[in-house]
Amino acid sequence: MSRYIARRLLQAIPVILGVTLIIFLLMFILPGDPARMLVQKGASPEVLESIREAHGLDKPWYVQYGKYMWNLLQGDFGTSIRYRRPVLDIMKDHYPNSIRLAAVALAIEAVIGIIAGVISAVKRRSFLDILVTLSTTILVAMPIFWFAMLLQVVFGLKWGILPISGMGDGSWRYYVLPAIALASVHTAYTARITRSSMLEVINQDYIRTARAKGLSEKKVILKHALRNALIPVITIIGLDLGGLIGSAILTETVFSWPGVGRVIYLAILQRDPPVVMGGTLILVFIFILLNLLVDISYAYLDPRIKFEGRKVD
Amino acid sequence: MPRKFILSLTIFLVLILTVALVVGCAPKEKVDKGEESVSEEPVKGGTFNAFLMEPVTLDAAHSQESEGIQVAKQIYDGLVDYEPETMELTAAMAESWEPNEDASAWTFTLKKGVKFHNGRECKAEDFVYSWSRVASKDTASEVAYHLSPIKGFNDCQEGKADILEGVKAIDDYTLEVSLEYSYAEFPVTVGHPVFSPVPKEEIEKWGDEFSEHPVGTGPFAFVEWKHDQHITIERFNNYYDGEAYLDKVAFKIFADEETAFLEFEAGNLDDCQIPLGRIKETQDKYGERALINPMLGIYYYGLNMEAEPWKDNVELRKAINYAIHRAIITDTVWEGSRVAATGIVPAGIPGFKEDAMPYMFDQPKARELLEEAGYPGGKGLPELVLGYNTGAGHDKVAQAIQAQAEEVDIEFDIAGYEWGTYLDKIQSKEITFFRLGWLADYPTMDNFLYPMFHSENAGADNMTYYKNSDVDEKLIEARKETDEAKRRELYQEIEQIVLEDATIVPIAFYKTNRVIGENVCAYTRTAMDDTSYEFVWLSK
Amino acid sequence: MAKLPEEFNLEEIDQEPRGTTLKREILVTLRKNKMASFGLIVIAILVLVAIFAPVIAPYKNAVGFYPEEILKPPSVEHMMGTDDLGRDIFARIVWGSRVSVEVGILAVAFGLIIGLFMGALAGYKGGMADTLIMRTADVFFAFPYILGAIAVMTILGPGLENVIIAIGVLEWAYIARLFRGSVLATKVNDYVEAARAIGADDKRIIMKHILPNAITPVIVYSAMSVGTAIITEAALSFLGVGVQPPRPSWGWMLSDSRAFMSRAPWMMYFPGLAILVTVLGFVLVADGLRDMLDPRLKGMSEHVTRG
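Chains as they are written, first to last, in my numbering: chain Z, 3 to 315; chain Y, 3 to 542; chain X, 967 to 1273.
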């Protein structure tokens, strides 16, 4: 087990290195001059040169990269060029907001997705099944930012019952709409996967045996089928957390949520490499960690899978 | 018809400027219960919830973006200030100032007993320290150039000197500043927040983190900055110029204006920026609480004077100027949140000329000029691209102008660039037809004409690469001119020459887009788009 | 997991006699096919609208500036109303379909070209090539999709062609991973061994034997990702880094509508609906394709029928 974890972590190193290199090169070949972004007026060549020098931007890219990586090894994520603040501080301001929102969205995804999926599998071809199938299909096709805007119009502008942007004092009411929007597509996928996974399990021999033994349908479903059907579902939900944090930019934009996706997005536009690097790296860490956790729990839940067996695919 | 319209608009504007800048406490509209009218005496106390977007810094040495300046204006004070309504120069920490004969050296006499928020008295030596800090190489200030007229500036920038040679503390209360050249309006420039004194001991204590713990001599002292949430400042009880009324100002930080506006409508904010697209409805709803006043800024399209086809073709440049119906655009696309430009120097700058602009919307004239330019009916016109930076509705204006120009057969594509590459591409002449704006640093005509049109700034603030030796000479002459009336005349003359050369297409002048709460009194949104909260009070 | 049958014939399976639930199963299949047909019809309409845009609505109504017509609600004259520059929203939707069709199809095609090649290389060759390609793909998976698209667009600058490149550049990794797995599964089949035994070269083996058999999941995925690409284009334009105005794009239209949400909600209803319906078309077709082609799911539904 520990050997497995160690190996997986070792495997992650080239990925992380690759990510840092790619982002660094991306930021470097990005057209536009970070120094020019800092100076609004009076940007004569001399002024720009001295600004560049002050921020170490005048060195060749590999020197800057080497310096960055060296600092990173010592836990230093660098300083934002624009805000002159340690990148880690900026991340501390925004990651909690993102993680909280993602957690709420994840809860919605898990609860509603699984319940809808189970119901639609158990009551196959009922009105409910059709309703679930139809709405999940539509949600899968839904542009999330439009869905978010519709929520704003209906709940905020028409009925006026929920705040439609920002996180205000941080009360739960501010979370409702962004979390629903963020969870929408994922919930639909979870419901679909739960449904097909349930259908597969229900027809396995042991379920039929259980039924034959005269156990109540409810007991069969809850005790035997659900447990086994949920294994792949949990895998996917686990992996979603990373996605919910990283790709929330559109939701964050529509709802003005002070999350990390928007910070990274703005840092790209503002040519602030340390912030882009730091923000993305933390995301990648989370992503890799979740992957590992999911794989471990997967093997734990399903004894048939050996640690060495599962390929990343 | 349009000429008349613009004229009446201008008159209307001037009226607003002179009369309506200060919004007093509006008497309660409904007195039907027979209430006594509310007392007009200022009331002390209360917390003002102000709108703000996350600033980059609160360090005076780096104050360039408007968000930071909103707060810096309250925390820091300078030698001089501007009269909120007229933008005329007034005294602040300086009691008086005197030039030498040719205005190449200035002596400021400081008020006694001015205290920093940490309790120490601010003396002339603090100015020497603070200004040297801005100019020094290590600080790498983006706005150091404001100090460039001062002697020894270049040595400081290059790291050859630590102290600005031209700034001397003669005694505790006398500051002598020698300049590289004669500059009659130098005292106006020191009203910029970058010239504010900061206490050396605090800078040494906090280092780079001074921005998170700013200390100045202003009417409010810094309390707390929770990033992306709020900045709180409180009344400084030892303020030299009379205490403020408000206990606290809490700047609530928003990611966008839309969100903030919703909070304002819910009654959680006392002032707020009105988002584009909601100006008219806000005016209808809040009446005179919507402060749509002239602002010192111009929105223009630049034509690169060293690139084809603009180069050596004044007729073509003029043709575009005539093709644009500015008032329709400011009225519809901008919903009146801007006003059609009437020149380069906007209304509100002391000395501005009302009818400077020679180009009013005139389609036959535009066609005629296009023919004179060598492109009759637009034939032979090379492929033109109008560049703009994405966001803030610039694409809308560009599309509207594209459609208007097409009516007189001047056809061009439009292309949006993100800000990060946009300025580079203009500077490198890859974009030769572009949108830009210029907001005043200080209320002088010089601040519009010198940076944008002096040849020494070509490629920096002079993005059109306009080079006219006559204009260069006159700009220098005007700076030296100590007689105010003569100086203004000179600047008006320069403006006229530049306009005749049609190096830019002035589109609109900015306006403030603020709305304030019902019980907010004595709130002024100045033409520099800021507010001194020291005068504001809340009625209850 | 079930392997792909060598000769996979849909009709044969469908015609298999089954028990009493056969009727229900056929009904289900029909219904599913109905959904897929609906999807096909949507796609057909979309393509027709894109091709015949000039006939349906004049381009000049979709661009320009009409001060007299600003923010008009839907009426006989403007069936979907007008926007804040007075442009006809219906005309913009019609012309916007071109952007969606072009991006959807070309971006996925671009991704397919790189992805299939890389996937085949990794899966068939194995070894260093496999490691290198798959680790590179891992980097792409680790980076959030939309952030990656934004970064690429920032480098390339806005414009339709660049949106296509940006999406294709990100899409290849997913296709490569899928195809590699499928190639690995196919490679071990007897007929591939047989072909190799009689001395067929690599190119021939890949093109003749592996590709046709391993491509199935990629086809399903591609149908789905055309829909995803359309949403991504809209998202990029929504954020202001997508296609260039004045070219009408549904994403831009949604972005424009934000400031007028309460005053002119029609500005947001129609473009959003257009995206939804279009993407739905591709999702339904992808679902239908999967049910028909993916033996795993087919097998599953057979289980159900028997039970």
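Every residue gets a Cβ at the ideal spot worked out from N, C-alpha and C, and that includes glycine.
Interface annotation for the segment 220–246 of chain Y against chain Z: H229, D230, criterion Cβ-Cβ distance under 7 Å. When secondary structure is reduced to three states using DSSP, Y/K254 falls in the strand class. Here the alpha carbons of Y/Q159 and Y/S541 stand approximately 49 Å from one another. Taking a 10 Å sphere around the C-beta of X/K1026, we find fewer than 16 other C-beta atoms and assign the residue as exposed.
Of X/T1048, X/A1028, X/A1230, X/P1024, the smallest CA-CA separation from X/E1035 is found for X/T1048. Within its own chain, the residues whose Cβ lies closer than 8 Å to the Cβ of Y/E226, once the five positions on either side in sequence are excluded, are H232, I233, T234, listed in chain order. Inter-residue distance for Z/A14 and Z/G68 is about 20 Å (C-alpha atoms, whole angstroms). Residue pairing from DSSP places Y/Q275 in a beta bridge opposite Y/R516. Closest in alpha carbon position to Y/D426, among Z/A37, Z/L11, Z/T22, Z/I24, is Z/A37. In the structure shown, the three-state DSSP call for Y/H148 is helix. Closest option to X/V1042, judged by alpha-carbon separation, among X/D1050, X/R1058, X/D1054: X/D1054. Annotation: the segment 111–199 of chain Y contains the following complete segments of the beta strand (DSSP E) (minimum length 3 residues), in chain order: 169–173, 176–180. About 7 Å separates the Cβ atoms of Y/I77 and Y/L60, confirming a contact at the 8 Å cut-off.
Note on geometry: alpha-carbon atoms of Z/Y70 and Z/F79 lie some 8 Å from one another. Under a 10 Å Cβ-count criterion, Y/T191 is classified as buried, with 16 or more other Cβ atoms of the shown protein chains found around its own Cβ. The secondary-structure analysis by DSSP pairs Y/L540 across a beta bridge with Y/V522.
Rounded to the nearest angstrom, the gap between the Cα atoms of Z/K160 and Z/V142 is 25 Å.
Contact with chain X is absent for Y/L388, since none of that chain's Cβ atoms lies less than 8 Å from the residue's Cβ. By the Cβ-count criterion, Z/S82 is buried, with 16 or more other Cβ atoms from all chains shown falling within 10 Å of its own Cβ. Classified as buried, Y/F256 has 16 or more neighbouring CB atoms from the shown chains inside 10 Å of its CB. Assigned with DSSP and collapsed to three states, X/V1245 falls in helix.
When C-beta distances to chain Z are compared with 7 Å, the residues of the segment 456–482 of chain Y below that value are A462, D463, in chain order. Neighbours of Y/T446 in chain Z, taken as residues at a C-beta separation under 8 Å, are lacking, since the least C-beta distance is about 14 Å. Think of a sphere of 9 Å around the beta carbon of X/R1229: the chain Y residues whose beta carbon falls inside it are G279, R280, E283, in chain order. Restricting attention to Y/D140, Y/T92, Y/Y131, the CA atom closest to the CA of Z/A56 is found in Y/D140. Looking at the backbone, the Cα of Y/Y288 and that of Y/I294 are separated by about 12 Å.
Membership of Y/G299 in the beta strand (DSSP E) is indicated by the continuous run 296–305. For the segment 283–294 of chain Z, the residues whose beta carbon sits under 8 Å from a beta carbon of chain X are, in order, L285, V286, F289, I290. Scanning the segment 257–285 of chain Z from its first residue to its last, the whole alpha helix (DSSP H) runs of 4-plus residues come out as 262–271.
When secondary structure is reduced to three states using DSSP, Z/S167 falls in the coil class, being assigned neither helix nor strand. The beta-carbon distance between Z/G261 and Z/A250, rounded to whole angstroms, is 6 Å. This is short enough to meet the 8 Å contact definition. In this structure, X/L1202 lies near X/G1217, with their beta-carbon atoms less than 8 Å apart. Y/M89 places its beta carbon less than 8 Å from that of Y/A529. For Y/D531, no Cβ of chain Z is located within less than 8 Å of the residue's own Cβ. Judged by DSSP secondary structure, Y/S98 falls within the beta strand (DSSP E) whose first and last residues are 96–101. Around the Cβ of X/R1224, a 10 Å sphere holds 16 or more other Cβ atoms; the residue is buried.
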